[in-house]
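So in the working numbering, the last one in the sequence shown is 413, and the numbering has no gaps at all. Virtual Cβ for every residue (Gly too), placed ideally from N, Cα, C. Here the structure is a predicted model, which is why all the values come from computation and not from measurement.
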Amino acid sequence: MACDNTVNKVQTETARIKAECSQCGLCSDGCAFLAENTSPAEMAARGLTKEEAYSCSLCAKCQALCPLGLNPMGMFQERRVETMQNQELEAEEFNYFMPDCEDNVMNYYRQYYGIDYSNLESDKSSTTYFFPGCTLMTYSPALTKEIYNRLRHKQGCGGILTDCCGLPLYQMGLRARAGKFTNYLVEKITAKGIKSLIAACPNCYYKLKATFQPLGVKIFTVYETLDFPWSSRTDLPLCTIHDSCPDRMEGIFVRQTRKVLQHMGYRIVEMSNILQDSPCCGSGGQISHFRPDLADKLVRDRLTEAENTGAQILASYCMSCVLNFARLESGLKVRHVMNLLLGIDEDYTEVKKRAAEIFAS
C-alpha cells in the first residue's frame, strides 16, 4: 500500500512539473546531472530515457531548491518504475545489491570476514530494538557492536535487527518486490512486539519512520538515545561534516550530530554547501552502478570543498557517504561520526575495493 501511494504521488508530481515548472534553472545550478540537460519541464514533456532515470541520485536537492515546491526527483522515480515494469532492464542483473536476495554483496562480505551478530546478548521481553542498517553492520562491526552494547546496558535495548530497510528496492523501481519486502519487515517487527526502533542510518531512519510510525512504532536516532560525555578538550582535530541526502528536509541528524560532537569538544568548520544545499556523495540512487563518471565527479568536488575548509577530518553520519569519500585519495581522514564519538578509529580507504574483489571472485 505504501509503495502504491508513493507512485501515485510521483505521477502527480510529473504532471505538476509539466504544468508549473518556470524553467528558472535553480535546480540545474545545484545539480551536476540536471546541469547536463534541459529544464525539468522540457524533460517531462518529451519523456525521460531509462538512462536519465538512473542518472538521478534521488537526493531531493532539486526539491529543496525549487521556489515552487516542485520535485523533479519524482519523475525520475516514476521512470524507474516504468523501466522495471516494461522490462527495459533485467532486474536480475542488479540482485547483487538487493536485500531480498541472499547472494548479495553485503551478505558475501559478512560471510567472508566472519561478521555475525547472532551471539549478541538479547532480551526478548524488551520492546526496543537497534536497527543499525546494512551498510554500517557490514562494514563496521566494531561500531555496530559497541553501539548495541551501550544501548543494551544503558538504555534497555533488547536486541539487534540485522535487516535492510528495503530502500534499494524502492530506488531501483522494483515496486512489487519493495512492497513485499516491506510487508516482511512489518510482519517481523509486529511478531516481536517491538514498540521502538533506534536507527543509526539516516536512510533507515526515514524509511522506518514512514513505514512504522503510522503503526504506532516509535523511531529514534542513536544520537538522541545514547549518552555522550561532555569534554572541555581543545586539542581535538578540526572537523567538517557532510550532510546526508535523506536528512535534507528535516535536518534531524544535522542538528543532533553537531550538538554531540561539540559537546565532546570537537571543533566544526562548515563547508559552503551544507544542510539543504549539501550535494549527494555519489552513492545515492545507485548511480555509481549506472553513472560512475558522475559519481566520481560528485565525490571529487565534495572532497575539494572539504579540503578547502582546512579541516583534518571529513565526517558523515551515513556509512555509505563515508565509504564513497574514503575510496578516493584526499588530504582528509574520512570517518563516521560514531568513530569520533565512541573513540573507535577505522580506516575505510580499501573497504569498497575489498567488497568488489570478493564479489568478483
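> When DSSP labels each residue in this structure, what does G211 get in the three-state scheme?
Replying inline: Here G211 carries a strand assignment [DSSP, helix/strand/coil].
>> For I304, report the span of its alpha helix (DSSP H) as first-last.
In response: Taken as a continuous stretch (DSSP letters only), the alpha helix (DSSP H) holding I304 covers I304 to H315.
>> Using only the alpha-carbon positions, how far apart do S340 and N255 sit?
In response: Between the alpha carbons of S340 and N255 lies a gap of roughly 17 Å.
>> Checking the sheet assignment: what are the DSSP bridge partners for H341?
In response: In DSSP, H341 forms no bridge with anything.
>> Quick check: what's the CA-CA separation for C229 versus C373?
In response: Checking the sequence shown, residue 229 turns out to be Arg, not Cys. Going from the Cα of R229 to the Cα of C373 covers about 25 Å.
>> Taking 9 Å as the threshold (C-beta atoms), are Y318 and L288 in contact?
In response: A contact, by the Cβ cut-off of 9 Å.
>> As a quick exercise: from S335, V389 and A71, pick the residue whose alpha carbon is nearest that of L313.
In response: Out of S335, V389 and A71, V389 has the C-alpha closest to the C-alpha of L313.
> In whole angstroms, what separates the C-alpha of A408 from that of I271?
Replying inline: Between the alpha carbons of A408 and I271 lies a gap of roughly 33 Å.
> If you check the beta carbons only, do S382 and E359 fall under 9 Å apart?
Replying inline: Going by C-beta atoms, S382 is nearer than 9 Å to E359.
>> Buried or exposed, going by whether 16 or more other CB atoms sit within 10 Å of the CB of G99?
In response: Under this definition G99 is an exposed residue.
> According to DSSP, what are the bridge partners of T292?
Replying inline: DSSP output for T292 lists L366 as bridge partner(s).
>> According to DSSP, simplified to helix, strand and coil, what is Y165?
In response: DSSP places Y165 in coil when its eight states are reduced to three.
> What number of angstroms, rounded off, separates the C-alpha of T90 from the C-alpha of H294?
Replying inline: Roughly 28 Å between the two C-alpha positions.
>> By the DSSP assignment, the alpha helix (DSSP H) with Y236 in it spans what residues?
In response: Per DSSP, the continuous alpha helix (DSSP H) segment holding Y236 begins and ends at R227 to A243.
> Shortest alpha-carbon distance to A262 belongs to which of V238, C332, I69 and G245?
Replying inline: Minimum Cα distance to A262 is reached at V238.
> By Cβ distance, which residues of its chain are closer than 6 Å to Y200, with the 5 residues on each side in sequence left out?
Replying inline: The beta carbon of Y200 sits closer than 6 Å to the beta carbons of F182 and I212 from its chain, once the five residues preceding and following it are set aside; these are given in chain order.
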